[in-house]
Amino acid sequence: LGLKRQNTVYDFKIFVAKQNQKKLIGVLQRSHFIFILSISFFSCREVSGTKKDIKLSKKLQPIVDSLMVFNVVHDDAIGYSGDESNVYLNFKKLMTLASDDELISLTDHDSASVRAYSFWALAKRKNIVVKNILDQHLNDSAKFFFMSGCTVGQEKINEFYLNLLTPDYLDISCIKLTPKEVEIKKIKLNFK
Numbered sequence: 418l419g420l421k422r423q424n425t426v427y428d429f430k431i432f433v434a435k436q437n438q439k440k441l442i443g444v445l446q447r448s449h450f451i452f453i454l455s456i457s458f459f460s461c462r463e464v465s466g467t468k469k470d471i472k473l474s475k476k477l478q479p480i481v482d483s484l485m486v487f488n489v490v491h492d493d494a495i496g497y498s499g500d501e502s503n504v505y506l507n508f509k510k511l512m513t514l515a516s517d518d519e520l521i522s523l524t525d526h527d528s529a530s531v532r533a534y535s536f537w538a539l540a541k542r543k544n545i546v547v548k549n550i551l552d553q554h555l556n557d558s559a560k561f562f563f564m565s566g567c568t569v570g571q572e573k574i575n576e577f578y579l580n581l582l583t584p585d586y587l588d589i590s591c592i593k594l595t596p597k598e599v600e601i602k603k604i605k606l607n608f609k
């Protein structure tokens, strides 16, 4: 009887521990969501106006507007489950619908996240113009939040551009600089 009672107490303790673990996971997921939501809210920029007059198709404008409102850049897999976010899905739409000329224009957009995604799309298309765009943006230290997996951090446009073009770094499907070119760009950016 004493052994049976000990097993029951042990089973109950395991049950309580599992319930507490589920509650903790739920709290962490909600906290993660609130954190991302607050990042989006506090980093929002005005939705109108760009550095230069950028003409976009009617299909493309809502996609750019949504990327601008979120003002966060997501990798293809984010969060605990590694899902594609709605923001990343809009990036995929941007890659599909935008012409190279539109993407090049959007690398001068007011929103840092729009600039980042536009450059990323050009790099994924292996468009050689990204090298010139990187040179033009070496002093562009505008910041945005970048999320990859469960990690969120602030990135600068110039460093993000260079990281995308660095071999074996970030998105391996992008066009890449040579290691020597990367070192020269790093010297120009003053970071190593």
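All you need for my numbering is the position in the sequence shown, starting with 1, plus 417.
Glycine included, each C-beta is placed from N, C-alpha and C at the ideal position.
For the beta strand (DSSP E) that residue i lies in, which residues bound it at each end?
| i | result |
| --- | --- |
| isoleucine 495 | 489-495 |
Note the first and the last residue of the continuous alpha helix (DSSP H) segment covering residue i.
| i | result |
| --- | --- |
| proline 380 | Outside the displayed span of the chain (418 to 609) sits residue 380, for which this structure offers no information. |
| leucine 606 | 596-606 |
Can you tell me whether DSSP reads residue i as helix, strand or coil?
| i | result |
| --- | --- |
| aspartate 500 | strand |
| glutamine 590 | The sequence given here has serine at residue 590, not glutamine. If DSSP states are grouped into helix, strand and coil, serine 590 belongs with coil. |
| leucine 484 | helix |
Could one say the Cβ of residue i lies closer than 8 angstroms to chain C's Cβ atoms, at least one of them?
| i | result |
| --- | --- |
| threonine 524 | Note that chain C does not occur in the displayed structure, where there is just one protein chain. |
Might you give, ordered along the chain, the residues of its own chain that have their beta carbon closer than 6 angstroms to the beta carbon of residue i, omitting 5 neighbours on each side?
| i | result |
| --- | --- |
| asparagine 507 | Ile480, Ser483 and Leu484 |
| serine 535 | Leu520, Leu523 and Thr524 |
| aspartate 557 | Ile574 and Asn575 |
| leucine 579 | Lys602 |
Grab me the residues of residue i's own chain with a C-beta within less than 8 angstroms of its C-beta, minus the 5 sequence neighbours each way, in chain order.
| i | result |
| --- | --- |
| serine 590 | Lys541 |
| leucine 514 | Ser474, Lys476, Leu477 and Ile480 |
| alanine 494 | Asp500, Glu501, Ser565 and Gly566 |
| alanine 538 | Phe508, Leu511, Met512, Ala515 and Leu520 |
| isoleucine 471 | Glu519, Ser522, Leu523, Asp525 and His526 |
Which residues in the same chain as residue i place their Cβ atom closer than 7 angstroms to its Cβ, once the five residues preceding and following it in sequence are excluded?
| i | result |
| --- | --- |
| alanine 533 | Val490, Phe561, Ile574 and Phe577 |
| valine 605 | Checking the displayed sequence, the identity of residue 605 turns out to be lysine instead of valine. Closer than 7 angstroms at Cβ, skipping near neighbours: Leu555. |
| asparagine 503 | none |
Quiz item: Touch check for the stretch 556-563 and the stretch 571-578: three-plus C-beta pairs under 8 angstroms?
Solution: yes
Quiz item: Quick one: complete alpha helix (DSSP H) runs, 4+ long, within the stretch 505-580?
Solution: 517-523, 529-541 and 546-553
Quiz item: Is it true that the stretch 539-554 meets the stretch 515-522, where meeting means three or more beta-carbon pairs spaced less than 8 angstroms apart?
Solution: yes
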